[in-house]
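For the sequence shown, my numbering assigns the number 45 to the initial residue and increments by one for each residue that follows.
Let me begin by presenting the structure, written as structure tokens, before commenting on it.
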Amino acid sequence: MAPVKLSGPGRGTLAVLLWASVAGLLIAVVSTGFEIYSIWQGEASMSVNVANSYFPELAEDNPRVLSGSYETAWLTVEGMPAAARCLLSAAVVMRHLVVVAVCAAMALVCRRILQYRPFAKSSAIALAVVGAVFVATAVLPGMFESVATIISAESLGLPGPDQIETREVVDVPMPPIDVPLVALGLFFGMIATSLQMGGRMFRDPPSPAATLPYGPEGMVFPSHSNFSGRNVAGMSAT
45 MAPVKLSGPG RGTLAVLLWA SVAGLLIAVV STGFEIYSIW QGEASMSVNV ANSYFPELAE
105 DNPRVLSGSY ETAWLTVEGM PAAARCLLSA AVVMRHLVVV AVCAAMALVC RRILQYRPFA
165 KSSAIALAVV GAVFVATAVL PGMFESVATI ISAESLGLPG PDQIETREVV DVPMPPIDVP
225 LVALGLFFGM IATSLQMGGR MFRDPPSPAA TLPYGPEGMV FPSHSNFSGR NVAGMSAT
């Protein structure tokens, strides 16, 4: 069988995708560095959930607004604890790690295809890593930010949920889980498994005899055969 060759446009498209992936990876790394730098430089900003909030000031004089509240507040604080900064930095890293993992995997897969090795083991491993990163990112960043909020609120002396009956307080809800990211992670895991199985079949194709339905005593019957088990037994006896 003649080897399959990539056409000129095909190679050009793969080359463009490869270098675009490398550029996206570098941009994600630089962006992560800037965000972490802003967290550790002097004043830090954080978003907190608010419970038992007051009536929004922007609607106080509007007679048509019967009730209102707000769920989040954006605070710029000074002297945020180092533990909270570490957790916020970890959340930033996890969120950008998705882009880094996808770009790195795309660059690797494009490179392997250009080398005529589409079923290389490294490609399957890269896609499996992307799936794991998606699942981890769906859970961990929200957890890190919730713990950072608790630590910061306690260090700043902000009112907590125990005072909700009398005043506006900082609320600490359950960490959110990004279900679409979990689904994408499982999808990438399935693709990695399929690629690994395809690689095995490509390297060690099954023999034609292994795919045939064998009857009794080595007799081969087509899958659409109308012979019953009784007829087959009779034929074997004769």
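Positions of the beta carbon are idealized from the N, C-alpha and C atoms, including for glycine.
For a test of the three-state rule: what should DSSP assign to residue 90, helix, strand or coil? strand
Using CA coordinates, which residue listed in 126, 229, 177, 213 is at the minimum distance from residue 138? 177
Going by the DSSP bridge assignment, what does residue 121 pair with across the sheet? 88
Report yes if the CB atom of residue 180 is closer than 8 Å to the CB atom of residue 148, and no otherwise. No.
With DSSP collapsed to three states, give me the class of residue 183. helix
Under the three-state reduction of DSSP, which class applies to residue 214: helix, strand or coil? strand
Do residue 118 and residue 89 have their CB atoms nearer than 8 Å? In this structure, residue 89 lies closer than 8 Å to residue 118 by Cβ.
Distance cut-off 7 Å: residue 201 Cβ against heavy atoms of the ligand GDP: The model on display carries no ligand, and the ligand GDP is accordingly not part of it.
Within the same chain, show all residues whose beta-carbon is closer than 6 Å to that of residue 185, passing over the 5 residues directly before and after it, in chain order. Closer than 6 Å at Cβ, skipping near neighbours: 135, 138, 139.
Only counting the same chain, and skipping five residues up and downstream in sequence, which positions put a Cβ closer than 6 Å to that of residue 189? 135
Suppose the cutoff is 6 Å on Cβ atoms and the five residues either side in sequence are ignored; what does the same chain contact list for residue 65 look like? Take residue 65, set aside five residues on each side of it, and the residues of its chain with a beta-carbon closer than 6 Å to its own are 147, 150, 151, in chain order.
Residue 222 to residue 228, Cα distance in whole Å? 10 Å
Residue 131 and residue 182 look like a contact to me (Cβ under 8 Å); what is the Cβ gap, rounded to whole Å? For a cut-off of 8 Å, the C-beta gap from residue 131 to residue 182 is around 17 Å, too long to register as a contact.
If I measure Cβ to Cβ from residue 197 and keep anything under 6 Å in the same chain, skipping five residues before and after, which residues do I get? 214
Does the Cβ of residue 51 have 16 or more other Cβ atoms within 10 Å, making it buried, or fewer, making it exposed? exposed
Using the beta-carbon count (16 or more within 10 Å), is residue 92 buried or exposed? buried
Closest by C-alpha distance to residue 58, when choosing among 101, 110, 159, 80: 159
Tell me, which residues are paired with residue 116 by DSSP? 93
Indicate the three-state DSSP secondary structure (helix, strand or coil) for residue 159 in the structure shown. coil
Excluding five sequence neighbours on each side, which residues of the same chain lie with their C-beta closer than 8 Å to the C-beta of residue 69? 143, 144, 147, 148, 151
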